[in-house]
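In our numbering, the protein residues as written are 2 to 260.
We treat Cβ as the ideally placed atom computed from N, Cα and C, and that holds for glycine.
The structure presented is a predicted model; accordingly, all values stated were derived computationally and were not measured.
Accompanying notes for the structure given below.
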């Protein structure tokens, strides 16, 4: 995998989160400098979207948006305020009024809800078990998609955006659209390793396979739509997967218009 050039990182808090400006080292100018470059990455649970997307953002010197963290933040907020997740109207209202600060640096994950740092809390098993009730709420999706598009615009449309239905809904006009997938066996193995082996086989199935089945009712993230590239990482290690995605990005932006 190509090395990462030394860069200067400047961050500034905005109403949309943390704005990030990368100043590249000489000879390492960002791809499509001065022009939009949105890399939209879809994929099922455990496919490696987050870790791969962060590294791709680092190497391309782009901002990074984890849309899944936004749904998790809504779930945390509802549970913290004892909002009934079965009451769709209350959950939608929670999303529309959510006081959320979200870092968009691939090097500094930070999620703040109502002034509380919930970066680690939103990754807890209780949130993973509850987030589908939020993610399948169409009113919540409408609100968070609106916010996601605003964040992309606020960063000059130079961002890696990952999650579910990113290529088909959130950023269907992205310069690069990609589905990152992997076999069920590989995804379960990776998610188990990510959680430090603390989850049983049944818990992993619920968090990966069952959650995907629920979420697929309202989001398309298991099959590539027309014009969307596919990278299957089942037999690839992390560096190989990053290289494969970077290869797709370079191929997509170098393709003649209309090709």
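N- and C-terminal bounds of the beta strand (DSSP E) containing residue i
{"i": "residue 83", "result": "Run containing residue 83: none; DSSP gives neither H nor E here."}
{"i": "residue 180", "result": "177-182"}
{"i": "residue 164", "result": "159-164"}
{"i": "residue 101", "result": "101-103"}
{"i": "residue 61", "result": "Element bounds for residue 61: not the beta strand (DSSP E) but the alpha helix (DSSP H), 50-61."}
{"i": "residue 231", "result": "230-233"}
{"i": "residue 227", "result": "Counting along the chain, residue 227 falls outside any beta strand (DSSP E), and DSSP gives it neither H nor E."}
{"i": "residue 40", "result": "38-43"}
Span of the alpha helix (DSSP H) around residue i
{"i": "residue 128", "result": "126-136"}
{"i": "residue 89", "result": "89-97"}
{"i": "residue 153", "result": "139-155"}
{"i": "residue 247", "result": "239-255"}
Same chain, Cβ closer than 6 Å to residue i, neighbours up to 5 away in sequence not counted
{"i": "residue 184", "result": "235"}
{"i": "residue 159", "result": "38 and 63"}
{"i": "residue 58", "result": "65, 107 and 161"}
{"i": "residue 17", "result": "Confidence in residue 17 is poor, its pLDDT being 38 and thus under 50, which makes the residue's placement too unreliable to answer from."}
{"i": "residue 255", "result": "none"}
{"i": "residue 251", "result": "none"}
{"i": "residue 113", "result": "102"}
{"i": "residue 119", "result": "77 and 112"}
{"i": "residue 233", "result": "182"}
{"i": "residue 238", "result": "none"}
Member of the options whose CA lies at the smallest distance from the CA of residue i
{"i": "residue 115", "options": "93, 77, 43 and 125", "result": "77"}
{"i": "residue 295", "options": "107, 109 and 82", "result": "Given a span of 2 to 260 for the chain in the structure shown, any question on residue 295 remains unanswerable."}
{"i": "residue 141", "options": "58, 173, 69 and 248", "result": "69"}
{"i": "residue 245", "options": "46, 50, 45 and 33", "result": "50"}
{"i": "residue 46", "options": "182, 72 and 233", "result": "182"}
{"i": "residue 145", "options": "105, 79, 74 and 123", "result": "74"}
{"i": "residue 105", "options": "238, 229, 79 and 157", "result": "157"}
Same chain only: Cβ atoms within 8 Å of residue i, ignoring 5 sequence neighbours per side
{"i": "residue 138", "result": "89, 92, 93 and 96"}
Per-residue burial, residue i [other beta carbons within 10 Å of its own, 16 or more giving buried]
{"i": "residue 186", "result": "exposed"}
{"i": "residue 127", "result": "exposed"}
{"i": "residue 148", "result": "buried"}
{"i": "residue 109", "result": "exposed"}
{"i": "residue 67", "result": "buried"}
Other residues of its chain near residue i: CB distance less than 7 Å, five sequence neighbours each side excluded
{"i": "residue 33", "result": "254"}
{"i": "residue 188", "result": "45, 46, 47, 48 and 209"}
{"i": "residue 56", "result": "243"}
Item to check | Cβ contact (3+ pairs, closer than 8 Å) linking the segment 37-56 and the segment 81-90 | outcome: Flag = no, the segment 37-56 and the segment 81-90 do not touch.
Item to check | Cβ contact check for the segment 173-184 and the segment 121-140: 3 or more pairs under 8 Å | outcome: no
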